[in-house]
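Numbering (our numbering), first residue to last: 3 to 142.
Here you go:
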């Protein structure tokens, strides 16, 4: 292998390791979200969103405060929140500060609280001030 090819290969492998580390940090952000939800802490749950996040649903919401109001209205008590599980099906780092995640969500809860529900989601996360924050959430 030529010296040039070895350098290119080394740079590529270094970028791959950095990408895996960043995606690990994205996974940690998702894990914090699940932990907050399952602890009944909606305020901490929405802290994983950027202040200017956009939620694509019915209706489209702008900002973390609007998201918190939505979740508080839709899940007014602990039994309505149930137990959340998020399964990441695919994640990609687009650049050092932007990543995407596609996955499935599932709420397990008593029938009296609405029963089990689930769907799919796609997220765009941006690294700001060393922290990964959700800037776009499309959940169905």
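Yeah, the Cβ is synthetic: ideal placement off N, Cα and C, and Gly gets one too. Bear in mind the structure is a predicted one, so any value in this text is a computation, not a measurement.
For residue i, three-class secondary structure by DSSP
i: residue 2; result: Examination of residue 2 is not possible in this model, given that the chain is present from 3 through 142 alone.
i: residue 116; result: coil
Close beta carbons around residue i, own chain, < 7 Å, minus the five adjacent residues each side
i: residue 50; result: 31, 34, 35, 135, 136
i: residue 120; result: 106, 107, 108, 109
Residue range of the unbroken beta strand (DSSP E) whose run includes residue i
i: residue 139; result: 133-141
Same chain, Cβ closer than 6 Å to residue i, neighbours up to 5 away in sequence not counted
i: residue 73; result: 44
i: residue 48; result: 66, 69, 70
Residue i versus the options, residue with shortest Cα-Cα distance
i: residue 133; options: 115, 140, 124, 101; result: 101
i: residue 131; options: 39, 38, 52, 29; result: 52
i: residue 38; options: 76, 106, 60, 84; result: 84
i: residue 79; options: 60, 40, 140, 129; result: 40
Own chain partners of residue i with C-beta closer than 8 Å, once the 5 adjacent residues on each side are dropped
i: residue 127; result: 28, 31, 100, 101, 102, 103, 134, 135, 136, 137
Requested in this report: Kindly provide the ranges of any beta strand (DSSP E) runs that are 3 or more residues long and lie completely inside the stretch 31-106, ordered along the chain.
Outcome: If we require 3 residues or more, the beta strand (DSSP E) runs fully inside the stretch 31-106 come out as 51-58, 85-97.
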